Each structure stands twice: as structure tokens, then as C-alpha cells.
Amino acid sequence: MTETIVRDPKAYKSDLKPIWCPGCGDFGVLAATFRAFSELGLDPDKTVIVSGIGCSGRFPGFVTSYGYHSVHGRALPTAMGVKMANPDLEVIAVGGDGDGFAIGGGHFPHAARRNIDITYVVMNNEIYGLTKGQVSPTSQHDQKSPSSPFGNTESPLNTMATAIAADASFVARGASFRAKELTELILAGINNKGFSFIDAYSPCTSFNNTTQIWKDGVRYLDESHDPSDRAAAFARALDDPMTLGVYYKHERPTMVDQFEALKKAAKPSTADELLDGYALGLTAA
Amino acid sequence: MALPDITLQLAGESGEGVISGGDIFTSGAGRAGYWALTFRTYPAEIKGGPCMFQVRIGANRIKSIGNHTDLLVCFNQEGFDLQHETVGPEGIIIADAESCKVTDEFADRSFEVPFSQIAEEAGGSRRGKNMVVVGTVCGLLDIDTTALEQLILARYAHKGDVGEANIASLRAGGDNARQNLPSVLNVDKPGPAERERILLSGNQAIVAGSLHAGLSYYAGYPITPASDILESLAARLPRHGGVAIQTEDEIAALASVLGAGYTGAKAMTATSGPGLSLMSELIGLAGTAEIPAVIVDSMRAGPSTGMPTKTEQSDLNQAVYGSHGEAPRVVIAPTTVDDCLTCAVEAFNAAETYQVPVILLSDQSLSHRLETVERPDLSEIEVEDRLTLADVASGNGASPNGDGNSAYPRYKLTESGISPMPIPGTPGSYVSTGIEHDEQGHPSYTGEIHQAMQDKRWKKLDALAAGSRVTVTGAEKAQVGILGWGSTEGAAIEAAELLAAEGVTAATFYPRVLCPLPVDRIKKWAEGMDVIVVPEVNYTGQFARMVRSDCEVPVVQLNQISGRPFTAKQIADFITENVKTAAGAAA
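Protein sequences, first through last, are from chains A and B. Count along the first sequence starting at 1, add 1, and that's the number in the working numbering. Count along the second sequence starting at 1, add 9, and that's the number in the working numbering.
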């Protein structure tokens with residue numbers, strides 16, 4: 002950012018009251034986002050938050066920045082369009098585990114591969130909250146729910162390992178109830194030049210209340226962990242995905258960098274010059 | 010006697026140079042002053058399979074593919090077997106002497122030429138077969154090959170001696186034709202060109218139009234017959250300061266196009282029917298969140314995978330009605346190659362002006378046909394931009410942000426239904442959303458708000474329904490009116506000319522914007538017609554049904570789903586056989 006106007010975290014809070022249930026983890030993620038924005042001094046008019054559908058989908062409405070509430074599962078390709086159309090914007094995509102890994106799962110590896118310079122925060126509650134409690138791609142095996150009355154026959158997707166496999170530029174795990182660390186992760190994700198993925202445990206108090214289990218269960222990555230070591234990051238993700246911290250970092254040219262270089266190298270042209278080619282009869286593409 | 014135009018077909022096996030030979034002949038004839046319009050079929054298979062290239066050339070502008078083949082060149086037996094039925098009663102066949110025997114009925118109007126042998130002797134390779142074919146055709150029709158030879162040299166400049174060898178084959182084919190074939194076919198010589206002409210395809214024209222309109226973001230997924238738009242823009246768009254991205258699917262393509270459109274860019278995707286099906290949900294979002302976007306659908310024969318390389322006009326319903334709920338959108342159908350360019354600009358203009366998704370309905374035959382057209386004067390084709398908040402910046406209630414104020418009323422209810430759009434990066438932050446919302450974009454589910462917002466979103470388009478472009482030929486009163494859309498227009502106009510020669514008065518009416526339909530103007534025109542025929546390359550008569558229900562005008566359907574465009578004669582014959590008598594009896 003060129004400007005460094007100091008803004009209070011409250012400056013990012015819109016006058017819409019969140020519709021989330023009391024105790025919902027998404028409040029914690031929203032607050033961490035406000036603090037990260039504040040520390041970075043982001044200009045709300047130059048920041049866009051893109052969401053899909055679900056409890057998390059309403060997130061942009063609670064922030065004073067520009068927002069885009071897309072359809073279910075399409076936050077990542079939408080965010081790509083926003084960022085590539087105006088690379089000067091700070092673009093944050095947010096979503097839930099169903100939005101991001103079920104209906105939108107097909108977009109995730111491609112956003113990572115392309116290395117779009119955006120930050121993607123998933124509020125992972127291992128359940129479909131908005132539709133009242135069906136299992137999601139991150140739900141546990143054998144978990145009972147209205148849509149898995151005899152226990153979930155499917156195993157949860159390891160989102161950390163998936164992101165590392167897709168070579169996401171920044172891969173981290175946070176938790177809504179670890180406010181300070183989550184703020185730091187979001188901040189680091191935004192500062193990272195490339196596709197930053199932060200999977201934040203965000204418990205659903207109404208349909209899958211894992212608050213206590215997660216509070217008791219999460220740990221932090223050892224200080225000795227080297228995020229530039231992809232194999233180590235992968236091993237860590239497979240070994241214990243409930244560990245919080247930055248698993249993996251791989252900085253490389255972003256999609257914006259590459260297209261800006263292409264544009265710079267290209268000889269400017271006009272539609273009339275294109276027609277000139279057809280006038281010569283050289284119709285081959 | 011010389012014909013005003015002739016229809017040539019080259020038929021053979023994919024990989025024999027049928028299409029490239031046809032392409033280069035068309036370009037050469039175009040440079041020699043002839044007008045041309047091509048039609049091609051090719052197999053969906055990657056290698057092999059029968060393919061055919063058809064071109065109609067003449068001294069005046071060509072409007073349709075031609076009623077029958079005047080000259081069929083068979084590269085092999087299958088070429089004859091598959092295509093001889095298209096040959097007219099006086100049509101000529103030239104068959105490859107080594108591989109093709111014609112049937113007895115063509116014995117007195119067919120000739121054999123050893124194409125490969127001539128190529129080997131003249132150019133040193135049997136691969137020059139297609140050049141011998143092109144030379145033979147030029148020799149037979151007495152078309153000057155100077156321009157063609159220049160083209161061949163230019164096209165093969167990077168391939169060593171291939172250009173010279175091809176020219177040797179071309180000349181040898183021409184010499185053989187002049188020495189050994191009787192002069193049985195003549196076409197009128199073209200006069201000097203009054204305006205500069207260009208030869209291009211519908212998809213190329215769409216690319217040119219989109220660049221003229223200011224396209225800066227393109228995303229697409231490969232699909233026949235739209236892939237060449239992706240390829241062309243991948244090569245061109247960086248030169249225009251934009252980006253072209255191949256996405257993981259069509260959903261991502263349109264989602265990202267809407268993201269770019271929201272951000273202020275002129276954005277486009279191109280696909281065919283299956284891709285448009287995948288995009289349906291997002292068309293509803295674009296209509297509701299009021300985001301400009303252009304979606305090209307080059308229609309192919311469906312349903313499902315259907316006949317991917319064949320033409321059809323069967324996505325009209327999907328374009329007009331597709332997506333859940335009732336989502337406003339604009340649907341525009343170009344009728345010719347130059348119209349593809351104009352309509353592409355009009356599509357962007359409508360998207361920008363009305364803040365809606367616009368679907369541009371081309372079809373395989375139009376997207377891939379090469380057509381000689383007068384070079385459009387781009388300076389005459391107006392480009393429109395959306396109304397932004399910055400345009401109306403003073404005293405509009407835009408709130409400075411960062412202080413917790415209410416969002417700017419992005420969806421403000423206005424007289425026209427059009428609300429100024431804030432552009433991210435400038436003041437006026439708001440949340441763009443497909444959820445029903447109030448003027449601020451805040452979610453709201455009251456019946457009153459839903460009514461007011463649907464009113465706003467739909468009434469925006471009233472101005473377009475009243476003012477959209479229509480082309481009409483013929484008198485205000487006629488015995489037969491041909492009412493259609495898209496690429497059938499040329500055949501319809503020629504059919505009206507054929508009917509006129511038989512003493513039947515006929516008129517044509519082709520609206521470009523099919524949604525919103527210019528209902529009042531269709532009704533008014535219909536009053537002057539004794540009977541109205543709607544020709545469509547689809548099974549159910551989608552446009553005919555729309556006209557019946559929206560305009561309350563009775564029409565007679567003419568449908569065919571052969572995978573080929575209509576010929577003028579098909580339309581004229583149908584009218585002569587079925588409609589004229591009915592109209593006469595009614596009168």
C-alpha cells in the first residue's frame with residue numbers, strides 16, 4: 002500500500018450486525034481480520050473481500066471495504082477476476098469448508114497453481130452450518146449428522162496437505178479462538194506475494210460444537226519447522242493437521258507479475274490493426 | 010453463359026489439406042476481387058474422418074452457402090460418396106483419378122485428374138495434392154492466381170522450399186485444367202471494389218469487435234466451436250493491455266469475468282451450449298448484482314454432447330430463460346460475419362449501459378465461416394461505458410468509508426432503473442450481492458423490496474426493447490413474411506428474391522436483440538404480412554414459440570436440424586409448397 006493512514010480496527014466494522022449464532026467462531030475470524038487490516042492500514046476503498054455462500058458468505062457485509070458476495074463455491078475464481086482486472090486492489094477471499102472444498106473444491110488447486118496474489122481465509126467448522134448440520138468435506142469419519150445418520154462413511158480432506166500438494170505460496174492453520182496468532186497469520190498472508198491460504202478452525206456452536214475439543218487439542222508448530230521445506234511441511238500436515246502455524250511458504254512470480262511482464266513486452270495494438278491482417282487475406286490465426 | 014456465382018466443394022479425408030486448400034483458395038479468390046462465403050464440416054475425431062470445405066464465390070456479396078454444388082472436387086471415393094447428392098442438375102465433378110470413381114449418372118459431367126501424380130511431378134511431393142486441386146479449380150474457372158501465389162509464399166515463408174513447391178503444384182494443376190478440361194463452368198468477373206474488403210470468420214469478427222469495445226479481461230475454457238476466440242485473445246489481449254486466462258471450467262470463467270466486470274473492466278467469456286449450461290447460475294448473479302459481462306455462445310448441435318462440430322440454433326431458450334428465478338439479461342444474435350463485429354460492440358454497450366449480462370448468440374456455421382465483407386469503419390461504431398459513481402460524483406450521498414458509515418446506495422432506485430456503479434479503488438464501497446437487497450446492498454427479504462428491485466432490474470431493459478436494431482427487407486405489405494434470427498438471415502433474404510422471381514411478394518424481419526424482444530415492432534410488421542414463416546435450425550421452433558407467446562402473432566415453423574445452415578432454396582421451396590397455397594386459400 003502506498004498510503005499509511007492509521008485506522009482503528011473499528012473503522013473496518015460496518016453497521017450491519019453479524020447474523021452468526023452466539024459463540025460462532027466466525028466472530029473471532031472477523032475480529033482478527035479487522036486487526037490485521039488495521040495494522041496494515043488498508044484503505045477500505047482499495048480492498049475487496051470476496052465470499053461464496055454459507056454462514057461465512059455474509060462476511061463482506063460486516064466490513065466497510067468493498068465486498069462481493071458471489072454464488073456458492075465461486076469465491077476463488079471471482080477473486081481472480083477482481084485481482085487480475087485491477088492488481089492494485091488488496092483482495093481477500095473468505096469462505097467455509099463446504100463452500101471451499103465441496104462445491105468449490107475444483108477451483109482451489111488452480112488458484113494455488115496460478116499463484117494469484119490473494120489471501121484465502123477458510124472458516125472451517127467441519128459442518129454445513131447454514132443448512133443446519135449436514136456433514137462437510139472436513140467432517141470426521143463416523144461423525145453422525147442429519148445427512149449421515151449412521152455415521153459419516155467418508156474421511157475428512159486434509160486441507161493443509163492439499164494446499165501444499167497444489168504448491169500454494171503460503172499455507173497456514175489458525176483458529177478463531179487464538180486471536181493474536183490468527184491476526185498474525187492473516188497479516189502474514191496478506192503480506193505474502195502470492196496465493197496465501199489460511200485454514201482457520203472456527204467452531205459452529207449450533208450444529209457441531211467442537212469449541213472445547215479444539216481449544217484442548219490445538220498445538221503450535223515447533224520453532225524448528227522450516228516452511229521452505231516442502232517435504233517437511235507435507236509430512237507435518239499428514240502427521241498432525243491440528244497444529245497451528247505457517248506450514249509452508251514458496252515465493253515465486255505471481256499471476257499478476259507474469260501478465261504484467263507480458264503486457265509490458267507486448268507491442269501495443271488496435272482493433273484496426275487486427276483488421277489490417279484480414280485485409281491482406283492472411284486469414285490463418 | 011456465366012453464372013453470377015458458383016458453389017465449390019472440396020471433399021476428402023481430414024489431413025489431406027482439404028480445409029487448408031479451401032482456405033487458401035478463398036483468400037486468393039478474395040484477393041482477385043471475388044466475394045466469398047464458406048461452409049465447412051469436419052469430424053469431431055482428432056485424426057482422420059471425412060471433411061468438406063464449401064465456398065461460394067461471385068461478383069457480388071454472397072449471403073448464404075449456396076443451393077447446390079456447382080463444382081465438386083473429390084479427393085477420394087468417400088468424398089464423392091458423401092457429397093455427390095449436393096451436386097446440382099448441371100453441376101460438375103472432378104475426381105481424383107487414382108482413388109475415386111463416380112457413378113454413371115455423372116458420367117457425362119465429370120472429369121478425372123491425377124492430383125497426387127501432378128503434385129509429385131511438379132512440386133516433388135504428393136503432399137501438394139491440395140494445391141493441384143486449387144490450381145485445377147482456378148484453371149477451370151479462369152481465376153487469376155497471381156494473388157494466390159503471393160499468399161502461398163507468405164504463408165509458407167518459414168518452411169523453406171514448401172512455398173515454391175506449392176506454387177509449382179498450383180500452376181501445374183492450372184495448366185492441366187486449361188489443356189485437358191473443357192471450359193464448362195464460368196462465373197461473372199468481379200468489378201473493381203468500391204470499398205476495402207476483408208475476409209474473416211465470425212469468431213475473428215467477434216474478437217475484433219470486443220477489442221474495439223475495450224475488452225481488457227477474457228477468461229474461457231476450450232470448447233468447439235469457441236476455442237479460437239480464447240486462442241486469439243490469448244495472443245492478442247496483452248497487446249491491448251489486458252489479460253486472457255484459460256480457466257479450469259466454464260463456471261470459473263464466468264465467475265472471474267463477473268469479478269473483473271465488478272472491478273470496472275470490460276470482460277468477456279466465450280463458450281458453446283454445454284458451457285452456457287454450466288454458467289446458468291452465475292447469469293442469475295450477474296442479473297441480480299447488476300454486473301456487466303459479455304458471454305459468447307457459439308451454438309452447436311445438442312442436446313448433451315450432441316454433434317459438437319455441427320451447427321444449430323438450439324440454445325435460444327437457454328440464453329433467454331436459463332438460470333433459476335427470473336434473471337434479467339440481454340440476448341443478441343448477429344446475422345453475418347460483419348454483423349458479428351457490430352453485435353460484439355453492441356453487446357458490450359448493452360452490458361455497460363444496463364449493467365447486465367449479455368449473451369451473444371453465434372453458431373458454428375457463422376463462427377467458422379469465412380466471409381468477404383466491406384471493412385467496417387470502426388470510428389463509426391460507437392463504444393459506450395457504464396455510468397460510474399465517479400461520473401456523478403458530486404452530491405450523490407456517497408459516504409467516505411472507514412468510519413463505519415452506511416454503504417453507498419449502489420442499488421439506488423432511479424427513474425431508468427440504472428444506478429451509478431462505484432468502482433473498487435475509488436470511493437463508494439459496497440457489497441455486490443446476489444442475495445435480495447435494499448438500495449445499500451444490504452440483505453433484505455421483504456416482499457416490497459423484492460418487488461421494487463425486480464422492477465428496477467427489468468425496467469432498465471425497456472429502452473433497449475424499444476430501440477434495438479432490426480433489419481428489414483421487402484415491402485410493408487407482402488404475401489409472405491420471413492421472421493428469423495441469427496445466421497439464417499442471408500438465406501431468408503435470398504429466398505425472398507427467389508419467391509419474387511415466382512411472383513410471390515416476400516419480406517424479411519431480423520431483430521438483433523432477442524431479449525428483450527422488440528414486441529411492438531414485430532406486431533406492427535406482422536400486420537402487413539399474409540402469413541409469417543419462422544425458419545430455425547432447431548427441432549422445436551424456439552423463436553417461433555417466443556413470437557407466438559410474447560407477440561401473439563401466429564407463425565408457421567420451418568425447422569431442420571441437419572447440422573447444416575439453411576439454403577435459400579430450402580426456405581423458398583417450403584414456402585412455395587406449403588405456405589403460399591395456405592395464404593392464397595386464406596385470402
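The C-beta atom is built at its ideal place from N, Cα and C for all residues, glycine as well. Quick caveat: nothing in here was measured; it's all calculated off a predicted structure.
Worksheet item: With 8 Å set as the bound, which would you pick, yes or no: does the beta-carbon of residue 375/B sit closer than that to a beta-carbon of chain A?
Response: Residue-level contact by beta carbon fails for residue 375/B and chain A, as no gap is shorter than 8 Å.
Discussion item. Can you tell me whether residue 408/B is helix, strand or coil according to DSSP?
Written reply: Confidence is the limiting factor: at residue 408/B the pLDDT is only 48, short of 50, which leaves the residue's position unreliable and the question unanswerable from this model.
Discussion item. Please classify residue 517/B as buried or exposed, where buried requires at least 16 neighbouring CB atoms within 10 angstroms.
Written reply: Buried is the call here.
Worksheet item: Of all the CB atoms in chain A, is at least one closer than 8 Å to the CB of residue 258/B?
Response: Interface residue, yes.
Practice prompt. Select from the region 79-92 of chain A all residues with a C-beta closer than 7 Å to any C-beta belonging to chain C, and list them in chain order.
Written response: Here chain C cannot be found, since the structure's protein chains are A and B.
Item to complete: Name, please, each residue of chain B whose Cβ falls closer than 7 Å to the Cβ of residue 61/A.
Response: For residue 61/A, the chain B residues whose Cβ falls inside 7 Å of its Cβ are 440, in order along the chain.
Worksheet entry | Nonlocal neighbours in the same chain, by C-beta distance under 7 Å from residue 266/B, ignoring five residues either side | Residues of the same chain with a CB within less than 7 Å of the CB of residue 266/B, apart from the 5 flanking positions on each side, are 226, 228, 276, 277, 278 and 302 in chain order.
Item to complete: Below 7 Å between beta carbons is the criterion; list the residues of the region 292-321 of chain B that meet it against any residue of chain A, in chain order.
Response: Taking 7 Å as the cut-off between beta carbons, the residues of the region 292-321 of chain B near chain A are 294, in sequence order.
Practice prompt. Check each residue of the region 254-271 of chain A: if its Cβ is closer than 7 Å to any Cβ of chain B, include it; give the result in chain order.
Written response: Residues 260, 263, 264, 267, 268, 269 and 270.
Fill in: 7 Å CB neighbourhood of residue 134/B in its chain, flanking five on each side removed
Around residue 134/B: 128 and 174.
Worksheet item: At a CB-CB cut-off below 8 Å, which residues of chain A make contact with residue 272/B?
Response: Residues of chain A passing the Cβ test: 49, 82, 83, 86, 87 and 90.
Fill in: CB of residue 83/B within 8 Å of CB of residue 339/B, strictly
For residue 83/B and residue 339/B, no; Cβs fall outside 8 Å.
Worksheet item: So, helix, strand or coil for residue 581/B, using DSSP?
Response: In the three-state DSSP reduction, residue 581/B falls in the helix class (H, G or I).
Practice prompt. Please look up how many angstroms separate the CB atoms of residue 85/A and residue 257/A, rounded, as I've assumed it's under 8 Å.
Written response: Contact between residue 85/A and residue 257/A holds, with the beta-carbon distance rounding to 7 Å and staying under 8 Å.
Worksheet item: Enumerated in chain order, which unbroken segments of the beta strand (DSSP E) with a length of 3 residues or greater are wholly contained in the region 271-350 of chain B?
Response: Uninterrupted beta strand (DSSP E) stretches at least 3 residues long and entirely within the region 271-350 of chain B occur at 276-280, 302-310, 316-320 and 339-341, given in chain order.
Worksheet item: Do you know whose CA, among 540/B, 498/B and 527/B, lies nearest residue 575/B's CA?
Response: That would be 498/B, whose Cα lies nearest to the Cα of residue 575/B.
Practice prompt. Evaluate the contact criterion for the region 61-78 of chain A versus the region 92-99 of chain A: three or more CB pairs, one atom per stretch, below 8 Å.
Written response: In short, these stretches touch, since the Cβ pair count reaches three.
Fill in: C-alpha distance - residue 154/A paired with residue 134/A, whole-angstrom precision
Distance between the alpha carbons of residue 154/A and residue 134/A: 16 Å.
Item to complete: Can you check DSSP and say which residues form a bridge with residue 487/B?
Response: Its beta-bridge partners are 538/B.
Item to complete: Name the residue from 281/B, 394/B, 292/B and 485/B whose alpha carbon lies nearest to the alpha carbon of residue 230/B.
Response: The shortest Cα separation from residue 230/B among 281/B, 394/B, 292/B and 485/B belongs to 281/B.
Worksheet entry | is_contact[residue 251/A, chain B] using C-beta, thresh 8 Å | Taking 8 Å as the threshold, the shortest C-beta distance from residue 251/A to chain B does not fall below it.
Worksheet item: How about residue 248/B: is its C-beta nearer than 8 Å to some C-beta of chain A?
Response: Closer than 8 Å to some Cβ of chain A, the Cβ of residue 248/B qualifies, so yes.
Practice prompt. Run the CB neighbour count on residue 23/A, radius 10 Å, all protein chains shown included, and call it buried at 16 or more, exposed below.
Written response: With fewer than 16 other Cβ atoms within 10 Å, it is exposed.
Fill in: Contact check, residue 66/B vs residue 20/B, beta carbons under 8 Å
Not a contact, by the Cβ cut-off of 8 Å.
Worksheet item: Helix or strand or just coil, what does DSSP make of residue 10/B?
Response: In the three-state DSSP reduction, residue 10/B falls in the coil class, being neither helix nor strand.
Worksheet item: For residue 66/A and chain B, any beta-carbon pair shorter than 8 Å?
Response: So, interface residue.
Discussion item. Let me see if you follow: with CB-CB separation under 8 Å, is residue 451/B close to chain A or not?
Written reply: Closer than 8 Å to some Cβ of chain A, the Cβ of residue 451/B qualifies, so yes.
Discussion item. So that I know if they touch, is there some Cβ in chain A lying closer than 8 Å to that of residue 605/B?
Written reply: Residue 605/B lies beyond the stretch modelled for chain B, which goes from 10 to 596, so this question has no answer here.
Item to complete: Taking the CB atoms as reference points, tell me whether residue 49/B and residue 31/B lie closer together than 8 Å.
Response: At a Cβ-Cβ threshold of 8 Å, residue 49/B and residue 31/B count as neighbours.
Practice prompt. Go to residue 125/A, then tell me how far its beta strand (DSSP E) extends in each direction, as first and last residue.
Written response: Note, residue 125/A: beta strand (DSSP E), 120-125.
Worksheet item: Measuring from the CB of residue 215/A, is there a heavy atom of the ligand ADP at a distance below 7 Å?
Response: Because no ligand of any kind appears in the structure shown, any question about the ligand ADP cannot be addressed here.
Fill in: Residues bridged to residue 188/A [DSSP beta-bridge criterion]
Beta-bridge pairing links residue 188/A to no other residue.
Item to complete: Below 8 Å CB to CB, which residues in the same chain sit around residue 341/B once its five sequence neighbours on both sides are set aside?
Response: Counting only Cβ-Cβ distances below 8 Å, and skipping sequence neighbours, we find 352, 355, 356, 359, 367, 368, 369, 370, 521, 522 and 523.
Worksheet entry | Validate contact between the region 542-559 of chain B and the region 465-479 of chain B using beta carbons, cut 8 Å, 3 pairs | At 8 Å Cβ cutoff, the stretches do not touch.
Item to complete: Label residue 209/A either buried or exposed according to how many other C-beta atoms from any shown protein chain fall within 10 Å of its C-beta, with 16 as the threshold for buried.
Response: With 16 or more other Cβ atoms inside 10 Å of its own Cβ, residue 209/A counts as buried.
Item to complete: Taking residue 204/A as the reference, give the member of 234/A, 56/A, 11/A and 114/A with the closest Cα.
Response: Ranking 234/A, 56/A, 11/A and 114/A by Cα distance to residue 204/A puts 56/A first.
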